[in-house]
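A short worksheet on the structure shown next.
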Amino acid sequence: MTTLTLAKALNAGLRRALDDDDKVVLMGEDIGTLGGVFRVTDGLKAEFGAKRVVDTPLSEAGIVGTAVGLAYRGFRPVIEIQFDGFIYPGFDQIVAQVAKLHYRSRGNVRMPITIRVPFGGGIGAAEHHSESPEAYFAHTAGLRVVACSNPADAYVMIRQAIASDDPVLFFEPKRRYHVKGEVDETASLADARPMGVATTVATGSDVTLVTYGPLVQTARDAAVAAAEDGVSIEVIDLRSLAPVDYATVEASVRRTGRLVITHEAGQQGGVGAELAASITERCFEFLEAAPVRVTGHDIPYPPAKLERHHLPDLDRILDGVDRVLRRPNSLSGVEA
Amino acid sequence: MTPSDRDATGLLTKPDDFLQLVSPTGERHANAEFDPWIADIDLGALGRLYRDMAIVRRIDAEATALQRQGELGLWPPLAGQEAAQIGSGRALRDDDFIFSSYREHALAWCRGVEPAELLSVWRGTTASGWNPFEHGMAVPQIIIGAQALHATGYAMGAAWEGSDAAAIAYFGDGATSEGDVNEALVFAASFDAPVVFFCQNNHWAISEPVGLQSKQHLARRADGFGMPGVRVDGNDVLAVLAATRIALDRARRGDGPTFIEAVTYRMGPHTTADDPKRYRTDDELDEWRARDPLSRVLALLEASGVDIAGLEREVGAEADRAAAELRAALTTITEPEPMTVFDHVYAEPNSHIERQRDHYSRYLAMFADAPAERSADAAAPGTTGGGAR
Ligand SMILES: Cc1ncc(C[n+]2csc(CCOP(=O)(O)OP(=O)(O)O)c2C)c(N)n1
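Set out below in structure tokens:
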């Protein structure tokens with residue numbers, strides 16, 4: 001075991017993938033000499049050369065579109081989108097090309113492209129630097145969407161994403177890049193928990209609290225705070241947003257009878273909306289209360305000085321927990 | 001060969017091979033095409049251009065210092081690019097519209113943007129500091145290259161209305177790789193839009209050298225899109241002024257767009273969050289320091305008999321005042337009220353956002369009602385756990 005930050009764990013995972021398969025190439029803006037603005041690719045160009053770790057011209061459509069061509073040629077491109085808000089110039093190539101080529105070619109063409117996206121807020125950044133665009137991609141057939149939340153997962157999941165024959169949107173919680181954790185660098189992918197399987201990170205019996213990426217730690221903190229109050233929360237780190245591991249969530253909700261979902265992205269049409277609907281369909285007779293979503297507001301990401309009023313935090317999550325428990329809460333007395 | 005192998009391409013980093021009216025040491029080169037366009041720039045007017053550049057340099061340095069002191073979240077310095085921005089900015093008419101990216105603080109200066117309006121974005125209190133229609137300058141753009149299309153559309157509209165106002169789009173060398181910029185060039189040429197594409201080639205897109213974006217001079221791209229391209233010394237305020245005036249005149253006469261490549265250099269980091277030592281050398285910096293846009297104007301003025309010690313004193317005092325005003329402006333930038341996060345999401349009433357606004361205000365009210373010893377938390381939900389429970 002080694003102790004690594006989430007960023008360093010990704011770096012180690014990328015190095016391992018580059019080592020294991022010479023068809024793996026990294027591409028992106030500033031990822032080579034600079035090592036990426038978050039230093040996730042630090043040192044890799046020096047180690048593997050400019051043909052494996054490629055600083056690209058400043059064009060997201062160009063990066064994704066050429067990755068499509070490289071994939072046709074048998075490569076496994078790993079793309080870095082510098083910040084969440086800059087993925088949109090490449091959006092067309094992702095949702096209209098990358099996502100659909102396997103289907104359109106009746107399975108003949110594979111698109112093993114990994115699209116790394118630092119996402120989420122909480123770092124006091126300028127506009128377009130704190131967004132949570134995951135739902136656009138979860139809504140698109142043909143794409144897998146995952147989000148890591150800790151160094152150990154980051155190390156394994158990035159390698160799984162690269163090894164996957166499907167295109168993967170790989171969301172990295174940028175405000176957790178510097179959080180440290182134990183990483184087993186000897187772990188083999190064969191033994192690892194599959195990328196599509198959720199993890200129960202805290203067990204509990206009263207409420208199931210589901211989240212992913214940056215809010216996993218906040219959700220765990222909420223479970224600890226709630227325990228002091230006599231409420232037992234089970235926290236699930238979804239890890240995969242498309243497809244969702246419903247088996248794990250369902251089993252938990254059948255025991256607790258209550259579901260709270262939290263994410264930084266807005267509520268409308270979000271991952272939480274899908275989860276609430278699906279769990280209601282699957283577990284209706286087990287639910288003691290309607291599922292509750294605690295999310296960012298449906299607003300453009302606000303200026304840095306206001307972001308704490310947008311991002312779900314421990315208090316807002318606990319307020320949502322009070323709602324499913326029908327305890328006094330911010331919406332007491334409000335009609336649905 | 002991968003693009004990265006081209007980092008060292010001499011062609012693109014060679015600074016010569018452009019139009020220059022004032023050399024780095026202050027010699028005035030005559031130019032038959034450009035000179036008539038700056039015939040009105042006498043020594044007094046040249047002194048005023050120097051004054052603009054010196055003040056914005058000082059504003060930039062002060063803002064950089066404010067960021068280092070934690071007063072601003074971020075700042076993208078313009079140092080080195082004063083002539084490119086002032087030369088083009090002072091060529092504009094009041095009714096011309098500017099579409100800029102994030103580094104064009106000197107254009108904001110030309111347009112009378114107030115210090116607090118300039119700083120509030122970088123302090124993180126607003127998403128945009130000024131009203132575009134008060135200053136003839138769009139809200140700054142962070143998405144690389146998007147503003148080139150906006151400028152083109154604005155220019156198309158102006159022309160369709162029969163106005164002779166023009167639009168000008170500012171973007172960097174890196175931006176020329178984005179689809180948006182290329183699509184803007186197509187639209188502008190197709191519709192003869194009265195727009196000027198002003199590319200500040202400052203040689204670096206964060207860590208990427210211009211050679212990674214283009215194998216030839218950027219101005220040469222214009223030809224392929226069907227418009228004139230001109231490559232000027234971007235550190236020569238007179239050359240930039242003349243080139244921009246020529247382009248604007250073309251636009252006003254209905255002859256369509258022009259692409260200007262102003263060859264300059266970003267002396268500081270990309271932003272205050274960047275560490276340029278990782279990707280460029282001190283030698284390169286020294287080379288560009290010798291081509292400073294301000295000192296060559298001083299040298300020319302001195303050679304023309306102007307008392308530059310007096311000028312520097314006078315301008316220095318003004319720059320000091322501007323810097324002090326900038327610092328003082330911080331105190332006028334107030335912390336935004338929490339509920340303003342819901343303002344202006346839509347122009348018309350929207351039931352969904354009203355519901356969220358209502359719910360969040362009820363949530364905040366719980367903290368207001370919290371017992372006294374917990375009310376410290378109320379000011380900042382998110383910093384503590386369980387404050388209102
Ligand atoms: C669409 C998009 N992609 C990436 C970024 C991140 N980014 C911000 S500035 C920058 C470099 C821009 O270089 P250039 O266009 O040369 O302008 P300069 O900063 O040098 O003035 C990059 C990659 C962005 N803001 N927008």
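Line by line, the protein sequences give chains E and B.
1 is the number of the first residue of the first sequence in the numbering used here; add one for each residue after it.
1 is the number of the first residue of the second sequence in the numbering used here; add one for each residue after it.
All C-beta atoms, glycine included, are put in the ideal place defined by N, C-alpha and C.
**Request:** Closer than 7 angstroms, Cβ to Cβ, to anything on chain E: give me those residues from the segment 250-283 of chain B, in chain order.
**Result:** 278, 279
**Request:** Take residue 398(B) and list the residues in its own chain whose beta-carbon comes closer than 8 angstroms to its own, dropping the five residues that flank it on each side.
**Result:** Residue 398(B) lies beyond the residue range present for chain B, which begins at 1 and ends at 389; the question has no answer from this structure.
**Prompt:** Buried or exposed: which applies to residue 152(B), given that a residue is buried once 16 or more other Cβ atoms fall within 10 Å of its Cβ?
**Reply:** Indexing the second sequence from 1 puts residue 152(B) at position 152. Buried, by the Cβ-count rule.
**Asked** What residues are listed by DSSP as bridge partners for residue 173(E)?
**Response** The sequence position of residue 173(E) within the first sequence is 173, counting from 1. Residue 173(E) pairs with 119(E).
**Prompt:** Are the CB atoms of residue 60(E) and residue 301(E) nearer to each other than 7 angstroms?
**Reply:** To locate residue 60(E), count along the first sequence from 1; it is residue 60. To locate residue 301(E), count along the first sequence from 1; it is residue 301. It is not a contact, given that the beta carbons lie outside the stated cut-off.
**Item:** Partners in chain B for residue 62(E), counting only beta-carbon separations shorter than 7 angstroms
**Value:** By one-based count along the first sequence, residue 62(E) stands at place 62. Per Cβ cutoff of 7 angstroms: 177.
**Message:** Using only the alpha-carbon positions, how far apart do residue 91(E) and residue 320(E) sit?
**Reply:** Counting from one through the first sequence, the residue named residue 91(E) turns up at place 91. Counting from one through the first sequence, the residue named residue 320(E) turns up at place 320. When rounded, the distance between both Cα atoms is 33 angstroms.
**Request:** Output, in sequence order along the chain, the residues in the segment 292-323 of chain B whose CB is closer than 7 angstroms to any CB in chain E.
**Result:** none
**Prompt:** Listing by chain order, which chain B residues have their CB less than 9 angstroms from the CB of residue 179(E)?
**Reply:** By 1-based counting over the first sequence, the position of residue 179(E) is 179. Going along chain B, no residue has its Cβ under 9 angstroms from residue 179(E), so there is no contact; the nearest lies around 18 angstroms.
**Message:** Nearer than 6 angstroms: is that true of the beta carbon of residue 115(E) relative to any heavy atom of ligand 1?
**Reply:** For this step, residue 115(E) is matched to residue 115 along the first sequence. Outside the cutoff, so no.
**Classification of residue 214(B) by the beta-carbon crowding that lies within 10 angstroms, buried from 16 upward** = Position 214 of the second sequence, counting from 1, holds the residue named residue 214(B). Buried, since its Cβ has 16 or more Cβ neighbours within 10 Å.
**Asked** In angstroms, rounded to a whole number, what distance separates the CA positions of residue 134(B) and residue 292(B)?
**Response** To locate residue 134(B), count along the second sequence from 1; it is residue 134. To locate residue 292(B), count along the second sequence from 1; it is residue 292. Whole-angstrom Cα-Cα distance: 33 angstroms.
**Request:** Excluding the 5 residues preceding and the 5 following residue 118(B) in the sequence, name in chain order all residues of the same chain whose CB lies nearer than 7 angstroms to its CB.
**Result:** Counting from 1 along the second sequence, the entry for residue 118(B) is found at position 118. 105, 108, 129.
**Asked** If you measure from the beta carbon of residue 58(E) to each beta carbon in chain B, is any gap under 7 angstroms?
**Response** Translated into the one-based positions of the first sequence, residue 58(E) becomes position 58. Answer yes: the Cβ-Cβ gap between residue 58(E) and chain B drops below 7 angstroms somewhere.
**Prompt:** Does any heavy atom of ligand 1 sit closer than 6 angstroms to the C-beta of residue 58(E)?
**Reply:** The residue given as residue 58(E) occupies position 58 in the first sequence. For ligand 1, at least one heavy atom lies less than 6 angstroms from the Cβ of residue 58(E).
**Asked** Relative to chain B, which residues along the segment 28-58 of chain E have a C-beta separation below 8 angstroms, given in chain order?
**Response** 29, 30, 32, 33, 34, 35, 37, 45, 50, 51, 54, 55, 56, 57, 58
**Message:** Just checking residue 234(B) against ligand 1 - is the residue's beta carbon closer than 6 angstroms to any of the ligand's heavy atoms?
**Reply:** For this step, residue 234(B) is matched to residue 234 along the second sequence. Residue 234(B): no, Cβ never under 6 angstroms from ligand 1.
**Request:** Could you tell me if residue 381(B) is buried or exposed, where buried requires 16 or more neighbouring beta carbons within 10 angstroms of its beta carbon?
**Result:** Numbered from its first residue, the second sequence carries residue 381(B) at position 381. Because the pLDDT at residue 381(B) is just 49, under 50, the model does not fix this residue reliably, and the value given afterwards should be weighed accordingly. Looking at its Cβ environment, which holds 16 or more other Cβ atoms inside 10 Å, residue 381(B) is buried.
**Prompt:** Is it the case that the CB of residue 391(B) approaches a heavy atom of ligand 1 more closely than 6 angstroms?
**Reply:** With chain B covering 1 to 389 only, the question about residue 391(B) has no answer from this structure.
**Item:** Contact set between the segment 291-312 of chain E and chain B, restricted to residues whose Cβ is under 8 angstroms from the partner
**Value:** 297, 298, 299, 300, 302, 303, 304, 305, 306, 308, 309, 310, 311
**Message:** For a test of the three-state rule: what should DSSP assign to residue 153(E), helix, strand or coil?
**Reply:** In the first sequence, counting from the first residue as 1, residue 153(E) sits at position 153. DSSP places residue 153(E) in helix when its eight states are reduced to three.
**Beta carbon proximity, residue 345(B) to chain E, threshold 7 angstroms** = By 1-based counting over the second sequence, the position of residue 345(B) is 345. Yes, its Cβ sits closer than 7 angstroms to a Cβ of chain E.
**Prompt:** So with Cβ pairs under 7 angstroms, would you call residue 273(E) a contact of chain B?
**Reply:** Counting from 1 along the first sequence, the entry for residue 273(E) is found at position 273. No, because no Cβ of chain B sits closer than 7 angstroms to the Cβ of residue 273(E).
**Prompt:** For ligand 3, is there a heavy atom less than 6 angstroms away from the beta-carbon of residue 182(B)?
**Reply:** Absence of ligand 3 from the depicted structure is noted, with ligand 1 being the only ligands included.
**Item:** Near ligand 1: residue 39(E) beta-carbon under 6 angstroms from a heavy atom
**Value:** Counted from its first residue, the first sequence places residue 39(E) at position 39. No, the beta carbon of residue 39(E) sits no closer than 6 angstroms to any heavy atom of ligand 1.
**Request:** Keeping to the same chain, check which residues put their C-beta closer than 6 angstroms to that of residue 4(B); ignore five residues upstream and five downstream.
**Result:** For this step, residue 4(B) is matched to residue 4 along the second sequence. In this prediction, residue 4(B) has a pLDDT of 44, which is less than 50 and means its spatial position is unreliable; nothing more can be read from the coordinates.
**Item:** Nearest candidate by alpha-carbon position, reference residue 202(E), set 226(E), 188(E), 139(E), 181(E)
**Value:** Counting from 1 along the first sequence, the entry for residue 202(E) is found at position 202. The shortest Cα separation from residue 202(E) among 226(E), 188(E), 139(E), 181(E) belongs to 226(E).
**Request:** Give the interface partners of residue 208(B) over in chain E, defined as CB-CB distance under 9 angstroms, in chain order.
**Result:** Taking the first residue of the second sequence as position 1, residue 208(B) is located at position 208. Correct list: 29, 30, 32, 33, 34, 55, 56, 57, 58.
**Request:** Any chance you could list the beta strand (DSSP E) runs of at least 3 consecutive residues sitting entirely within the segment 141-207 of chain B, in chain order?
**Result:** 167-172, 195-201
**Prompt:** In angstroms, rounded to a whole number, what distance separates the CA positions of residue 223(E) and residue 51(E)?
**Reply:** In the first sequence, counting from the first residue as 1, residue 223(E) sits at position 223. In the first sequence, counting from the first residue as 1, residue 51(E) sits at position 51. Those two C-alpha atoms are separated by around 47 angstroms.
**Message:** What ranges does the alpha helix (DSSP H) occupy inside the segment 53-137 of chain E, keeping only unbroken runs of at least 4 residues that lie completely in it?
**Reply:** 60-72, 101-104
**Request:** For the alpha helix (DSSP H) holding residue 55(B), just list the boundary residues, first then last.
**Result:** Within the second sequence, residue 55(B) is the residue found at index 55, counting from 1. 43-68 is the span of the alpha helix (DSSP H), which, as asked, contains residue 55(B).
**Asked** Under a Cβ-count criterion, where at least 16 other Cβ atoms within 10 Å of its own Cβ denotes burial, should residue 155(E) be classed as buried or exposed?
**Response** One-based indexing of the first sequence puts residue 155(E) at position 155. Under this definition residue 155(E) is a buried residue.
**Message:** Taking the straight line between their C-alpha atoms, what separation do you get for residue 72(E) and residue 110(E)?
**Reply:** As a first step, residue 72(E) must be located in the first sequence, where it is residue number 72. As a first step, residue 110(E) must be located in the first sequence, where it is residue number 110. Near 7 angstroms, if we compare the C-alpha coordinates of residue 110(E) and residue 72(E).
**Item:** Short Cβ contact (7 angstroms threshold) for residue 303(E) with residue 124(B)
**Value:** Working through the first sequence from its first residue, we reach residue 303(E) at position 303. Working through the second sequence from its first residue, we reach residue 124(B) at position 124. Against a cut-off of 7 angstroms, the Cβ pair of residue 124(B) and residue 303(E) comes out as a contact.
**Message:** Under 8 angstroms: do the segment 118-133 of chain E and the segment 192-199 of chain E share three or more Cβ pairs, one atom per stretch?
**Reply:** no
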